[in-house]
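Number of protein chains: 2
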Amino acid sequence: MTRLRVTLKEVASTAGVSYQTVSKVINKQAQVSKETEVRIWNAVRDLGYHPNFTARSLRAQRSFTIGYSWPPSPPDQTNPILDQFLQSMFMSAEERGYYMLSFPYHADPRKLLETYGALIHSGRVDGFVLSSIEYNDPRILLLLEKNFPFVAFGRSNPELIFPWIDVDGGQGIHAAVSHLLDNGHQKIAALAWPDTSRVGNNRMDGYFTAMNQAGITPDPAWIKRGEGRFSFGYKATCELFELPPNLRPTALIALNDSMAIGALQAAKDAGLKVGREFAIAGFDDTPMIQFLDPPLTSVRQPVWEVGQQIIPMLLTYIETGKPPEPISKIVSPRLIVRQSTSGQPLKPA
Amino acid sequence: MTRLRVTLKEVASTAGVSYQTVSKVINKQAQVSKETEVRIWNAVRDLGYHPNFTARSLRAQRSFTIGYSWPPSPPDQTNPILDQFLQSMFMSAEERGYYMLSFPYHADPRKLLETYGALIHSGRVDGFVLSSIEYNDPRILLLLEKNFPFVAFGRSNPELIFPWIDVDGGQGIHAAVSHLLDNGHQKIAALAWPDTSRVGNNRMDGYFTAMNQAGITPDPAWIKRGEGRFSFGYKATCELFELPPNLRPTALIALNDSMAIGALQAAKDAGLKVGREFAIAGFDDTPMIQFLDPPLTSVRQPVWEVGQQIIPMLLTYIETGKPPEPISKIVSPRLIVRQSTSGQPLKPA
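Line by line, the protein sequences give chains X and H. Using our numbering, you'd call the opening residue of the first sequence number 2 and step up by one each time. Using our numbering, you'd call the opening residue of the second sequence number 2 and step up by one each time.
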């Protein structure tokens, strides 16, 4: 291996003193003559000696490192918030002397938990950031059992008490549905994930609440559940268009942009002018959707803010040994209105 | 801080032997009675003792950690290859016992180099992966000077000898231009970065070569250089449409998808049917461009493959102290043809 780290031994040899003397002077524990001290500090400077992080880490019993792993995006999608979330956490961590260690998100949960366990037992990380949280998330159960510091971006079962920060997805969808209602829509469909999805259920709460507040009982045929991909969004929207005219929706919200883009394509293929004749709103505000035709209305998450808050929450936990107070935080998303929801509903034929 | 790591001392106390005896038995350096050995291993198992990574790291003078930092995407773009590149490297590194440590990419080069320096001197990383490489890249100059292991995803000045792997961007653009020429286009424009861009010049080589091979000298008015964003792509394409009919291009290639999407919008706003009346090809094959209207032809980089190759190259360097052989590798991109280039050129008016 390339040699470049100057050792304490070399400093000692250059200064003409013992290893122990250098160590004590550097750690300000020694009484030596002024002249020896100057000689040692000159050698430190001339050789470019830096105390070894590993040794410091061993003394502190801490790695100053935060572990993070996330599920990879499917090949036809980009993760719209990944880069911003990572960069925000990197900045916040570095300001406090920490760095982030990333590792693969194994699809096999047993293998995934093994990696978490190995990182804990080896002392390579002092805590974890988790995301893509589900009900009874096995990572959360493991870390709670081991009493090991972590903060989740996202909630799990209400009875599991652990530190988290989350975007109020229900509030975001509520805003999107209210905007459609304000534009005069009543028959509003929803493209959702299966109801085993924790994130999906949070978001759908906003749909049901907004509809109920407007005195509308959503017809079960308006709610389509499937994989959050373009192809499902396309197919589900085609099915909505086959409903009898008195039931046929004039607008839809999708729990993510990929499904909304599928819906947009289906509406265009059905000869509808999106925005004017059929309204569509997505979720995530993926940067590129502003360039679609028409540009897509969507809900934007305050991702930078989540990154800036989650790191201090975690470091409090790591450094005090106690979960942060408050143990959880909710931040608000923002509806970005574009042309895909700009029109009024068509009168029934 | 939460206590959960079992120490050697606790193992010793449980087994009723000295700390030194446990250490020696675990490191297979001690002659003790069979009975004592069994007692020690039982204590190790019962207490769940794992050797501390930091201590192992100190002995090995290695952190088993690879550093990586990358420039954040502008707010109106997603980095189309980031997630795949990271996941591929994480997998490859973990298989070999390494993890990746990420840190912020400071816009101020002095601050950025300080971070690299601090990570080297503290022993927190054994080597770096670099990307977004430019001419005279200060990170490369620093790491060469310090003789510290790294491998770059991308080339720099030809006279700088260092380990790299790169996608042949020139070959990708050559394929796109050849495809347009095959479709009968001759007046082919290019949306490029300023000629200070190393990546841009590699890609533009493919444009000039393909045009020259077809016996066409590109008119200087066909080459537009600016920031690789949607807004520049839009504006530059509007200017191309204002050229006199005998000079006006019937097709364009853009060095990235963001500029191509701007061009697509400009062509649609000018009333042109993209594909049939004006052809557009981009670069990156950003997942969402297949959903544009029309879907965009683009050049796809073999990002997973780059991740799988760059880590073994770096680990060879770290573990042998010598750059890998061969010191550099080129991998080929692939043209993905979609409707945005499906038509024939319009006959001049």
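Just so you know, even glycine gets a beta-carbon here, dropped at the ideal spot from N, CA and C. It should be emphasised that the depicted structure is a prediction, and the values quoted were computed from it without experimental measurement.
Can you tell which of the options has its C-alpha closest to the C-alpha of residue i?
i: R156(X); options: L144(X), M314(X), N148(X), I134(X); result: I134(X)
i: V307(H); options: L87(H), S74(H), R140(H); result: L87(H)
i: I331(X); options: N203(X), F284(X), E243(X), T251(X); result: N203(X)
i: K274(H); options: G263(H), T287(H), P288(H), D294(H); result: D294(H)
i: G234(H); options: L192(H), I224(H), Q78(H), I319(H); result: L192(H)
i: P159(H); options: D109(H), I67(H), V200(H); result: V200(H)
i: Q266(X); options: T287(X), T251(X), S232(X); result: S232(X)
i: W305(H); options: I82(H), G49(H), T22(H), A44(H); result: I82(H)
i: Q78(H); options: T287(H), G207(H), M314(H); result: T287(H)
i: I224(X); options: D127(X), Y208(X), R230(X); result: Y208(X)
i: S105(H); options: H122(X), P73(X), M90(X), V152(X); result: Here residue 105(H) turns out to be Pro, not Ser, going by the sequence shown. Selected option, being the one with the closest Cα: M90(X).
i: D220(H); options: W194(H), P195(H), K188(H), G344(H); result: K188(H)
i: N213(X); options: T197(X), K236(X), S179(X), A271(X); result: S179(X)
Examine chain X for any beta-carbon lying closer than 8 Å to the beta-carbon of residue i, and answer yes or no.
i: P295(H); result: no
i: Y117(H); result: no
i: T15(H); result: no
i: F292(H); result: yes
i: K10(H); result: no
i: Q340(H); result: no
i: S103(H); result: yes
i: T3(H); result: Low per-residue confidence applies at T3(H): pLDDT is 37, beneath 50, and the placement is therefore not dependable enough to give any value.
i: A350(H); result: Low confidence applies to A350(H): its pLDDT is 41, below 50, so where it sits in the model is not reliable, and the reading given next is rough at best. It does not: the Cβ of A350(H) has no partner Cβ on chain X nearer than 8 Å.
i: P325(H); result: no
i: P73(H); result: yes
i: F91(H); result: yes
Going straight from the alpha carbon of residue i to that of residue j, what length do you get?
i: Q310(X); j: G98(X); result: 16 Å
i: K25(H); j: D47(X); result: 38 Å
i: F279(H); j: N184(H); result: 12 Å
i: A350(H); j: G276(H); result: Confidence in A350(H) is poor, its pLDDT being 41 and thus under 50, which makes the residue's placement unreliable; the coordinate value appears in the next sentence. Taking the straight line from one Cα to the other gives about 18 Å.
i: F65(H); j: S299(X); result: 42 Å
i: L244(X); j: A222(X); result: 8 Å
i: Q340(H); j: I290(H); result: 11 Å
i: E103(H); j: I254(X); result: Per the sequence shown, residue 103(H) should be read as Ser rather than Glu. Cα to Cα, S103(H) sits roughly 36 Å from I254(X).
i: I312(X); j: E240(H); result: 47 Å
i: S259(H); j: P139(X); result: 39 Å
i: Q21(H); j: P324(H); result: 40 Å
i: P296(X); j: N247(H); result: 34 Å
i: G173(H); j: L161(H); result: 24 Å
i: Q1(H); j: S19(X); result: This structure cannot speak to residue 1(H), because chain H is shown only from 2 to 350.
At least one CB of chain H closer than 8 Å to the CB of residue i: is that the case?
i: Y20(X); result: no
i: E95(X); result: yes
i: S232(X); result: no
i: R125(X); result: yes
i: M260(X); result: no
i: S34(X); result: no
i: L143(X); result: no
i: M205(X); result: no
i: F151(X); result: no
i: Y100(X); result: yes
i: D286(X); result: no
i: N257(X); result: no
i: K269(X); result: yes
i: D47(X); result: no
Between residue i and residue j, which are expected to be in contact by the criterion C-beta below 8 Å, what is the C-beta distance as a whole number of angstroms?
i: F154(H); j: L144(H); result: No, F154(H) and L144(H) are not in contact; Cβ-Cβ is about 14 Å, not under 8 Å.
i: A211(H); j: H175(H); result: 5 Å
i: N257(X); j: G283(X); result: 6 Å
i: R125(X); j: Y69(H); result: At roughly 16 Å, the Cβ-Cβ gap does not stay under 8 Å, so R125(X) and Y69(H) are not in contact.
i: A271(H); j: F242(H); result: 5 Å
Quickly, what does DSSP pair residue i with across the bridge? List them, please.
i: M101(H); result: S103(X), I67(H)
i: D285(X); result: Beta-bridge pairing links D285(X) to no other residue.
i: G225(H); result: According to the sequence shown, residue 225(H) is Lys rather than Gly. BP columns for K225(H) point to L192(H).
i: L131(H); result: A153(H)
i: D183(H); result: Its beta-bridge partners do not exist; DSSP assigns none.
i: K331(H); result: The identity of residue 331(H) in the sequence shown is Ile, whereas the question assumes Lys. The partner list for I331(H) (beta bridge, DSSP) reads D167(H).
i: T22(H); result: DSSP output for T22(H) lists no bridge partner at all.
i: T298(X); result: A282(X)
i: V275(H); result: F279(H)
i: M337(X); result: For clarity, residue 337(X) is Ile in the given sequence; the question names Met instead. Partner(s): S299(X).
With a cut-off of 8 Å, does the C-beta of residue i fall near any C-beta of chain B?
i: K274(H); result: Reference to chain B is not applicable here, since the protein chains of this structure are X and H.
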